[in-house]
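Data block below; observations after.
Protein chains: 2
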Amino acid sequence: MTLCAKIDVSWAQIFRYFGSQGTNFGSTPELDHRKDVMTMKQVVEVQGDVLRDKVYFHLCELIRGGHFSPGEKLTIRSLANEQGISPTPVREALYRLISEGVLDGEANRSARIPLLNAEQIKEIKEIRILVECLAAEKAAMNGTPQLAKTLRALAGKLKMARASGDRRADLSLVYRFQTELYSACEMPNLIKIIGSLWLKTGPYLNLLFPDYINLIAKSRGDWRERICVGVEERNPAIVRSEVERDLDDTLSYIANVVSAAAFLRRAGADR
Amino acid sequence: MTLCAKIDVSWAQIFRYFGSQGTNFGSTPELDHRKDVMTMKQVVEVQGDVLRDKVYFHLCELIRGGHFSPGEKLTIRSLANEQGISPTPVREALYRLISEGVLDGEANRSARIPLLNAEQIKEIKEIRILVECLAAEKAAMNGTPQLAKTLRALAGKLKMARASGDRRADLSLVYRFQTELYSACEMPNLIKIIGSLWLKTGPYLNLLFPDYINLIAKSRGDWRERICVGVEERNPAIVRSEVERDLDDTLSYIANVVSAAAFLRRAGADR
DNA sequence: GATGATGATTTGTGATATCAAAATGACGAA
DNA sequence: TTCGTCATTTTGATATCACAAATCATCATC
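So this is what it looks like as structure tokens:
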């Protein structure tokens, strides 16, 4: 039994909505990853003393991991039933996600994973560059050999996951690397803001696989290693520029895919 | 019947906690403003179709207005009773504030207005400068004569409120001026972040009155008018620098007061 | 007077009940 | 087929209930 809500919008439907039916922007993300979402037993071990927090953090992981598709509906009762708990904590977790802007939710309507357009993604890109670059700089200034070592270990695991095509582990390690880096900035409020922004783009990260990922591997080399060096040398400029470049490239790519899909949809509508 | 929760910590107690007992950092904020908080009838007119949102927005206004003191406890049942509603929506509104970091809340404990130390205030200052300066620049680039006119009207009202010593109207207009300016940046995600950060410093704004306010009036002149000019001329640099200066001065002042109080408290403890 | 144990009360959390609004599906008309 | 209407079902929001944990008050002890 999984936490996934009843799915009434699939990736295929999204691409049809955007008008990309039949047109292949690289690879179409599959739904395979839904098969192995966390079970309830794991949920209980997640951080948070209170049930609503456990549900919240669990949903966060699923969203970051790309387990939900843009437009997908999340209903209180189905989530509650799947977890074997009452609707109350689930509703509160969803309310938290809605108020953060991670989910869409109008009054008396079910929560949904937002369908973002290119402009919205660009706005998030701009904000993420602003705040994550600050976090990166501060982290670099607090850099230690220990931190560099930890980051290198994560980067190594990431390479292995990527080589083996394990998208789930890949996304998870990308997140853990960045989290580990930023946490050194010692600005808890900033980290919270970054976490929330990350969730907003989570459902779209699947669009990066595998074309963009391969592209980057060739064109940018081992940029995470350069971040590790920057951390060792306490060089904010290096770390900042690598983080900025990654965010700019990644989110611009996503925005382009989304806007191309929208263009094709309009063209199809006129047909 | 008001929304104010049972107060178990007063400003006087806070200052005692910080050790400033008997020492006057400018003026000691009074509790007068508690007398005229909004009534339930007004709450209903507040934005939000759903009860929990109404409670949330209402609490936000109270927090921004400095109606709560740092350390003050907010209990679900008392808020619910005062509003004549069930505990459920109140609990959800408080949960939202806690998860935003606006309130402190451990598991199975009542929510509290956070007691911030100087470092925490400086962190918030740094973040606020980062994000509000961006908002200010973007707003300036989108500047219109109409916006400048609206801002001037608000600045005029603010002057009147300040002249008459109406602290409540003063704080409210300071907020409305800044909100009006930032909303022109057309970055909803950024505005949401700013709103949340504002709430975190809200309970400490009272510390600015009246000494800091008088100080500023003499030393910085009519800086809001300069912002209006910057908006008219679509000059991001002007608007940005004024916003940055205001934030830096204001929050540095608050941080200084807080850290002086902490110093005196330690000195008193050794005595 | 300060400190610590203990019983009473308050309070937060999660489950359940109820109701109104929204989504769904069947049916019939254009 | 397509659209609109109406009955049914689903779903979210709020109130209420039950319980456990935290808080508070009282009293005894040092």
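Which chain is which? The protein sequence lines are A and B, in order.
Residue numbers for the first sequence follow our numbering, beginning at -1 and rising by one.
Residue numbers for the second sequence follow our numbering, beginning at -1 and rising by one.
We put the CB at the ideal spot given by N, CA and C, even for glycine.
Listed along chain B, the residues sitting closer than 8 Å to VAL129 of chain A by beta-carbon distance are ILE125, LEU128, VAL129. For LYS198 of chain B, at least one C-beta of chain A is nearer than 9 Å to its own C-beta.
A straight-line Cα-Cα distance of about 7 Å links PRO87 of chain B and VAL53 of chain B. The region 111 to 118 of chain A and the region 66 to 86 of chain A touch, with no fewer than 3 CB-CB distances between them shorter than 8 Å. The residue among B:LEU262, B:LEU156, B:GLY82 with its C-alpha nearest the C-alpha of LEU49 of chain B is B:GLY82. Here GLN144 of chain A is exposed: its Cβ has fewer than 16 other Cβ atoms, across all protein chains shown, within 10 Å.
Per DSSP, the continuous alpha helix (DSSP H) segment holding ARG174 of chain B begins and ends at 165 to 181. With fewer than 16 neighbouring CB atoms inside 10 Å of its own CB, ARG264 of chain A falls in the exposed class. At a cut-off of 9 Å between beta-carbon atoms, LEU179 of chain B makes no contact with chain A.
What ASP47 of chain B touches in chain A, judged by beta-carbon distance under 7 Å, is ALA105, going in chain order. Straight across, the Cα-Cα distance linking LEU171 of chain B with CYS183 of chain A is about 34 Å.
The alpha-carbon separation between VAL129 of chain B and SER194 of chain B amounts to approximately 12 Å.
By the rule that beta-carbons nearer than 9 Å mark a contact, PRO186 of chain A touches chain B. Between ILE127 of chain B and ASP246 of chain B, the C-beta spacing is below 9 Å. For MET139 of chain B, the enclosing alpha helix (DSSP H) starts and ends at 116 to 139.
From the listed residues B:ALA258, B:ARG218, B:LEU92, the smallest Cα separation to ARG75 of chain B is found for B:LEU92. Taking CB atoms only, GLN81 of chain A has no neighbour in chain B less than 9 Å away. Listed along chain A, no residue sits closer than 8 Å to SER108 of chain B by beta-carbon distance, the nearest being about 14 Å off. The region 136 to 151 of chain A and the region 225 to 235 of chain A touch, with no fewer than 3 CB-CB distances between them shorter than 8 Å. In summary, the residues of the region 84 to 106 of chain A whose CB is separated from some CB of chain B by less than 7 Å are GLU90, TYR93, ARG94, SER97, GLY99, ALA105, in the order they occur in the chain. At a cut-off of 9 Å between beta-carbon atoms, TYR54 of chain B makes contact with chain A. C-alpha of ARG94 of chain B to C-alpha of ASP51 of chain A: approximately 11 Å in a straight line. Of the candidates B:ALA137, B:GLU121, B:LEU132, B:GLU59, the residue whose Cα lies closest to the Cα of LYS136 of chain A is B:GLU121.
Taking the CA atoms as reference points, ASN106 of chain A sits about 18 Å from GLU98 of chain A. When the beta-carbon positions are compared, ARG160 of chain A and GLY64 of chain A stay at least 9 Å from each other.
Residue A:GLN118 holds the alpha-carbon nearest to the alpha-carbon of SER257 of chain A among A:GLU80, A:ILE189, A:LEU101, A:GLN118. In the DSSP secondary-structure assignment, LYS71 of chain A is bridged to A:ARG110.
Rounded to whole angstroms, the Cβ separation of GLY200 of chain A and ILE96 of chain A is 15 Å, and the two are not in contact under 8 Å.
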